[in-house]
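Visitor:
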Amino acid sequence: MASTLSDQLEEVRCHAEACLYSTGSVLEVRAGITAMANIPLPPSVKYRYIAAETMIIENGVNNNRKETIGSLQRLSTALNILEKYGCNLTSSSRPKYWRAVKHNNPVFRATVDAIQGGRAVLCLYGYSNQQPDGLSFPDEVVEPDIEKVAAVTLEVMSLRMELDMLIKEAHPHPEFFERIIPSLNQKDEFGPISDAVAIPSSLRESQPLYMSLASLSQSPTSAFLPVRTANASTSTSISTRHTERANHHRTVVTSSKMRKNHSSSLLSWHCTHCTRVNSNQDILCETCERPRLASSGAAKEEFPQPFTITEWQCKSCTVVNAGSSILCEVCERPRLATKPPATPTRPTPTPNRPAAPVLGMPGDPDSQWMCQFCTYINYTPASVCEMCDLPRPEPTKMPVKVHPPSQVKKVPVLSVKPKDPPMEDPDLTRQKLMREEGLKLIQLIRDGEKKGVSPEEVYTGMRVSGVGNILPCDWLKAELPHLLDQICATATSSRAADLKAGQNQNGTGTAEDTGVEEEQTRGGGVTLSRAEAKLAWLSAGGDTERAAKQALRDRHSKVKELCSLGFTDEVRCQEVLRQSEGEVRGALSLLQRPLMEPFHQRMWSDQPEPPIDINHPDKQRVCRRLLAVYDLPSWGRCELALSLLQERTAPYSLDDVVQAVRESHDRDFIRRVLAKECPICLSDFPHSKMQSLTSCQCSVCCGCFQQHFTIAVRDKHIRDMVCPVCWEPDINDPEHLNSYFSTLDIQLRECLEPEVYDLFHKKLTEQALIKDPKFLWCSHCSYGFIYDGDQLKVTCFQCRNSFCAQCKKPWESQHGGLSCERYQSWKRENDPEYQRQGLAGYLRDNGITCPNCRFQYALSKGGCMHFSCSQCRYQFCSGCNNPFHTTCAVIHCSVTGLHAHHPRDCLFYLRDWEPGRLQALLQNKGVEFNTDTPPGTQAGLCGVIEQKDESGQQTDSACGAQTQPGHAGLCEKHYREYLVSLINGHSIDPAPLFNANELVLACRRYQVDDARGELEDDVTYYTRILEKLIDEVPLGDKVPRKK
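Using my numbering, the first residue of the sequence shown is number -13, and each one after it goes up by one.
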């Protein structure tokens, strides 16, 4: 048997779960829950997920039955809230904030949080993440487990239904709960307190009203009839009059417990929300703090209280709110309107025995059905909801509950005399009729809105068309145009008749309307449009006569309004009003159009706007022109501009003055703006005619700016394109170079001629190509290009001559198959011309190479070490390739002006050494050097080519200085250069030959600690700082090597 019940339970559970999380109806789910609750199994077996038995024991065990019922009532309320949480999760349209449950919700605190095991059910739903203000789903959970939530929700619903049946004593198997809660078996000592005494109906006619307790106990309880205990004294007197009870004395026995219960019922009241018994003096419930909604005592018995909505459920978050609240306590959304049932205007006394409700009428619970969309209570004859117009869902067949045969003997029901039907209240009839008419009108208005008909037209059409079968919209479509034409004709004929009557009476007659009387004296016909007739017809409520008069009055007022605006031709006003369908704004536009025609022609003509005559005698006219044409901010600015233009000492142009006046209202500031001196041509120009670079604050006139950069682009290098006043910025810095030329490009695009601007872009492109490591300069014609090949022989695209891509020497056939070093060695040994040049040719081949653009110069490094590249304008030291600059980046540098920082092996320092000292440095390292004069060279004169400045021109010519013996046919300056090139080529450090002063000076120059220790002799001191200098300060990283 148990297995059969378990199988039945599992079958019902599976079907109900499927209906809950799928598309099943509410009635199907409710039928499944009812079937589960009626299965005779204990809670520990019936419920799989929730600990039902534990929740009942922890929340329902009390001292007596009354307290136990109250606890179970609170548990049922909490289960109702938990059921709503589960239904929200299984719904296809879940609420917005379904992932969290807040503890600060008053409904949650009063229900779920007030019982034991409520949060455990929420954890079964998936709310397992504890938050400071509540519970929530874990972050990794995207969707709830619908099947598990449906199973838990189904058990919550079933347990709540069983508790409700247990509280109402309608549970089919209460023995399972009585075993868990023993207090449910306890009964009150005297049973329920009542004010009625029951007597057997069989003794009602033949026996007296009093009887013994024995006879009362033998009578069937189902046949008892109520008798008011208030008539106890009367019944006593009647019983003593009986002949058999003449000597009988009745003793009244009262129970203290009954008196106590009766008095307590009058001095207390039950909370309708949590069922707590509160004192009659309390206004709010002590447990849930809700207000007392109904009075207790005899008032409930005499008159039924009118129906009030004590609570309502939020459609968004399903929280049950108090009936007096407008917004939801949790989500603060507005309460959706619901239709309360009809309430009688005055309380009617409850009959002693109400008649049974008739099927299909209000009062019969079987005839009511609730709309599952708007929750409105409808009655059975209606198949569509009265509020939302949605169809009634199909009911699901509920399982039939089989009741055991009653052991009580059935007693025939006494015949009741039929009562006369109550008189229908005329107020209710009138309200019902008004409601029906209002609903009909609303439906007609909605139909009219769909067809583009206004509510006023529908209402007026319904009044005019009557109550026939034709709808107002159809009538308006068929009859309204003819009716409007009739109104227009009536108004025209009425106007003509009034005019004729006025002429016959020579102006002495009186008209019905004052507006018509004024029009009679002015003359002119009136032709109304359909739009005017329609407005008048609506305002007159459908009366055509009144509509015609109203249309004439409206037309007269509109003509009068146009005349007040300066249009005195009434005939023209009447015509434009007819064309604009009575709209004054449209008529005014039509009247103003001819006046605006000259302006339109001037605006669309190709001729220029006539200039403003500042010497016009009417100053207001000139200011108004300035205000309209130049859009100045105020009238005062217009007067200021006019006064500046009329000054004789300062000939300003109109555009310059207007632009200056827009920026400021200070007259002195405007004068300074209008008279700025150009530092190049020394002429005065307004600020708008001056241009400045972003790198400095200098301003020059537009003419000088254009002339300076045109010459710089055509005749100079790209790095010469700086400010013509302060020669800023220093564009040796690559970062400044890019930002500067990006801004300069925008300014030059507007002021340079197209061909000059194209040349600027070409030079700018070449400057960018120089940075490419594959860029090469031709050693024959100084043309630069990109070379992607891997061969040493390169042919110039410009002069078609060839050179070596590595050593940049002119290409010879002997160079093929040889490296650059082996080719130079061969050339020194076999080329007579090269041998004749001697060291002068060596210095020429190992001349100056620009470290920025890699352009080579066949020049010596003697003389000034500051070299400026003619290709890229890069300034550097020819001995160490370090840059010359005015803004030094070296820390603790105190040198100002143009300078460079040279390493200790730079020619800048070693050129001051004697040749013998340089030779000794080479001998210490075993490096050979030349001292003999090569054969065939000119004796006594140095033939090294160097760059000389002659009359401002840079020329390349021979040195021509006297040579010294043992200097290999070179002057002393170039021989030192030759020895230093060998020292740099072999990376020899000159520090070991420093004397004491040079060593200390070098340490201080390169910021090496030269502090001398105590008791440290000279040899130890100088040896220590020499080692420290060599270790901490390396040789120059840019010095040319391997020459």
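Glycine included, C-beta positions come from ideal geometry on N, C-alpha and C.
#1: Checking the sheet assignment: what are the DSSP bridge partners for Gly120?
#2: Quick one: residues in its chain with C-beta nearer than 8 Å to the C-beta of Leu804, no 5 flanking neighbours on either side, listed in chain order?
#3: Suppose you measure from the CA of Val370 to the CA of Lys544; what does that come to, to the nearest Å?
#4: Quick one: grab the DSSP three-state call for Leu189.
#5: What is the rounded straight-line gap between the Cα of His694 and the Cα of Glu595?
#6: Quick check: Leu6 and Thr139, are their CB atoms within less than 8 Å of each other?
#7: Threshold first: 4 residues or longer. Then list the alpha helix (DSSP H) segments lying entirely within the segment 881 to 928, N to C.
#8: Pull up the distance between the alpha-carbon of Ser122 and that of Tyr35, whole angstroms please.
#9: Around the Cβ of Ile167, are there at least 16 other Cβ atoms within 10 angstroms (buried) or fewer (exposed)?
#10: Please name the residue or residues paired with Ile772 in a DSSP beta bridge.
#11: What are the boundary residues of the beta strand (DSSP E) that His953 is part of?
#12: Taking 8 Å as the cut-off, decide whether the C-beta atoms of Val881 and Leu968 are in contact.
#13: Label Glu932 either buried or exposed according to how many other C-beta atoms from any shown protein chain fall within 10 Å of its C-beta, with 16 as the threshold for buried.
#14: Identify, in the order they occur along the chain, each residue of the same chain with its Cβ nearer than 7 Å to the Cβ of Ser566, setting aside the five sequence neighbours on each side.
#15: Pop quiz: Ile1011 and Asp996 are said to be a contact at Cβ under 8 Å. What is the actual Cβ separation, rounded to whole angstroms?
#16: Nearest by alpha-carbon distance to Leu470: which of Thr513, Ala483, Val306 is it?
#17: Which residues mark the beginning and the end of the beta strand (DSSP E) in which Ala308 is found?
#18: Taking DSSP as the reference, what is the three-state secondary structure of Pro81?
#19: Assuming Ala64 and Gly104 are in contact, meaning their beta carbons sit under 8 Å apart, how far apart are those beta carbons, in whole angstroms?
#20: If I follow the unbroken beta strand (DSSP E) through Thr781, where does it start and stop?
#21: Have a look at Trp523 and Gly434 and give me their C-alpha separation to the nearest angstrom.
#22: Can you name, in chain order, every residue of its own chain whose Cβ lies under 6 Å from the Cβ of Glu(-3), other than the five neighbours on each side?
#23: How big is the Cα-Cα spacing for Glu714 and Ala886?
#24: With 16 as the cutoff for other CB atoms within 10 Å, does Phe783 come out buried or exposed?
#25: Going by alpha carbons, who is nearest to Leu904 out of Cys459, Leu884, Ser480, Pro976?
#26: Please identify the residue among Val263, Val306, Trp763, Ile877 whose C-alpha is closest to the C-alpha of Phe841.
#27: Is the CB-CB distance between Ser768 and Phe789 below 8 Å?
#28: Out of Cys709, Glu315, Asn115, His157, point me to the one whose CA is closest to Phe94's CA.
#29: Between His651 and Leu626, what straight-line distance do the alpha-carbon atoms span, to the nearest angstrom?
#30: What distance in whole Å lies between the Cβ atoms of Gln948 and Gly929, which are believed to be in contact at a cut-off of 8 Å?
#31: Determine the direct distance from the alpha carbon of Ala483 to that of Ala534, and round the result to whole angstroms.
#32: Name, in chain order, the residues that DSSP records as bridge partners for Trp298.
#33: Please report how far the alpha carbon of Thr324 lies from the alpha carbon of Lys426, in whole angstroms.
#34: Would the beta-carbon of Leu(-9) fall within 8 Å of that of Ile43?
#35: Go to Met409, then tell me how far its beta strand (DSSP E) extends in each direction, as first and last residue.
#36: Give the list of continuous alpha helix (DSSP H) stretches no shorter than 4 residues that lie fully inside the segment 554 to 586.
Guide: Let's see:
#1: Numbered from 1 along the sequence shown, position 134 holds the residue referred to as residue 120. Gly120 pairs with Lys88, Gln117.
#2: Position 818 of the sequence shown, counted from the first residue, corresponds to residue 804. Excluding residues within five positions, the ones whose Cβ falls inside 8 Å are Trp812.
#3: Within the sequence shown, residue 370 is the residue found at index 384, counting from 1. Within the sequence shown, residue 544 is the residue found at index 558, counting from 1. Roughly 52 Å between the two C-alpha positions.
#4: If you number the sequence shown from 1, residue 189 lands on position 203. Residue confidence for Leu189 is low, a pLDDT of 34 falling below 50, so the modelled location carries little weight and cannot support an answer.
#5: Start at 1 with the first residue of the sequence shown, and residue 694 comes out as number 708. Start at 1 with the first residue of the sequence shown, and residue 595 comes out as number 609. Each residue's Cα considered, the two are about 36 Å apart.
#6: For the purposes of this step, residue 6 is taken as the residue at position 20 of the sequence shown. For the purposes of this step, residue 139 is taken as the residue at position 153 of the sequence shown. Yes; because the gap between Cβ atoms is below 8 Å, this pair is in contact.
#7: 893 to 896, 901 to 910
#8: Stepping through the sequence shown from its first residue, residue 122 is reached at position 136. Stepping through the sequence shown from its first residue, residue 35 is reached at position 49. Cα to Cα, Ser122 sits roughly 20 Å from Tyr35.
#9: Start at 1 with the first residue of the sequence shown, and residue 167 comes out as number 181. The residue in question, Ile167, is buried, as its Cβ has 16 or more Cβ neighbours within 10 Å.
#10: Taking the first residue of the sequence shown as 1, we reach residue 772 at position 786. DSSP, once it has assigned bridges, lists Phe761 as partnering Ile772.
#11: As a first step, residue 953 must be located in the sequence shown, where it is residue number 967. His953 -> no beta strand (DSSP E), and no H or E assigned at all.
#12: One-based indexing of the sequence shown puts residue 881 at position 895. One-based indexing of the sequence shown puts residue 968 at position 982. Cβ atoms of Val881 and Leu968: not closer than 8 Å.
#13: The residue given as residue 932 occupies position 946 in the sequence shown. Burial call: buried.
#14: Counting from one through the sequence shown, the residue named residue 566 turns up at place 580. Cβ neighbours of Ser566 beyond the five flanking positions: Gly572, Ala573, Leu576.
#15: Here the question's residue 1011 lines up with position 1025 in the sequence shown. Here the question's residue 996 lines up with position 1010 in the sequence shown. Rounded, the Cβ-Cβ distance is 5 Å, consistent with contact.
#16: Residue numbering aside, residue 470 sits at position 484 when the sequence shown is read from its first letter. The shortest C-alpha separation from Leu470 is found at Thr513.
#17: Within the sequence shown, residue 308 is the residue found at index 322, counting from 1. Element bounds for Ala308: 306 to 308.
#18: As a position in the sequence shown, residue 81 is number 95, starting the count at 1. Reduced to three states, the DSSP call for Pro81 is coil.
#19: The residue given as residue 64 occupies position 78 in the sequence shown. The residue given as residue 104 occupies position 118 in the sequence shown. So it is a contact: roughly 6 Å between Cβ atoms.
#20: Counted from its first residue, the sequence shown places residue 781 at position 795. That run of the beta strand (DSSP E) goes 779 to 781.
#21: Here residue 523 refers to the residue found at position 537 of the sequence shown. Here residue 434 refers to the residue found at position 448 of the sequence shown. Those two C-alpha atoms are separated by around 18 Å.
#22: Here residue -3 is taken as the residue at index 11 of the sequence shown, counted from 1. Result list for Glu(-3): empty, nothing under 6 Å.
#23: Walking along the sequence shown from the start, residue 714 turns up at place 728. Walking along the sequence shown from the start, residue 886 turns up at place 900. Going by the C-alpha atoms only, they are around 19 Å apart.
#24: On the sequence shown, residue 783 is found 797 positions in, with the first residue counted as 1. Phe783 should be labelled exposed.
#25: Here residue 904 refers to the residue found at position 918 of the sequence shown. Checked all of Cys459, Leu884, Ser480, Pro976; the closest Cα to Leu904 is Pro976.
#26: In the sequence shown, counting from the first residue as 1, residue 841 sits at position 855. The shortest Cα separation from Phe841 among Val263, Val306, Trp763, Ile877 belongs to Trp763.
#27: For the purposes of this step, residue 768 is identified with residue 782 of the sequence shown, where counting begins at 1. For the purposes of this step, residue 789 is identified with residue 803 of the sequence shown, where counting begins at 1. Going by C-beta atoms, Ser768 is not nearer than 8 Å to Phe789.
#28: If you number the sequence shown from 1, residue 94 lands on position 108. Checking every option, the nearest Cα to that of Phe94 belongs to Glu315.
#29: Position 665 of the sequence shown, counting from 1, holds the residue named residue 651. Position 640 of the sequence shown, counting from 1, holds the residue named residue 626. In a straight line, the C-alpha of His651 is about 8 Å away from that of Leu626.
#30: For the purposes of this step, residue 929 is identified with residue 943 of the sequence shown, where counting begins at 1. For the purposes of this step, residue 948 is identified with residue 962 of the sequence shown, where counting begins at 1. About 12 Å separates the two Cβ atoms, so there is no contact after all.
#31: Your numbering for residue 534 matches position 548 in the sequence shown. Your numbering for residue 483 matches position 497 in the sequence shown. Cα to Cα, Ala534 sits roughly 14 Å from Ala483.
#32: For the purposes of this step, residue 298 is identified with residue 312 of the sequence shown, where counting begins at 1. Partner(s): Asn307.
#33: For the purposes of this step, residue 324 is taken as residue 338 along the sequence shown, with counting starting at 1. For the purposes of this step, residue 426 is taken as residue 440 along the sequence shown, with counting starting at 1. Because Thr324 sits at a pLDDT of 44, beneath the cut-off of 50, its placement in the model cannot be relied upon, and the following sentence gives the value as read from the coordinates. Distance between the alpha carbons of Thr324 and Lys426 is about 20 Å.
#34: For the purposes of this step, residue -9 is taken as residue 5 along the sequence shown, with counting starting at 1. For the purposes of this step, residue 43 is taken as residue 57 along the sequence shown, with counting starting at 1. No, the pair does not count as a contact, with Cβ atoms beyond the cut-off.
#35: As a first step, residue 409 must be located in the sequence shown, where it is residue number 423. From DSSP, Met409 is part of no beta strand (DSSP E); its letter is neither H nor E.
#36: 556 to 565
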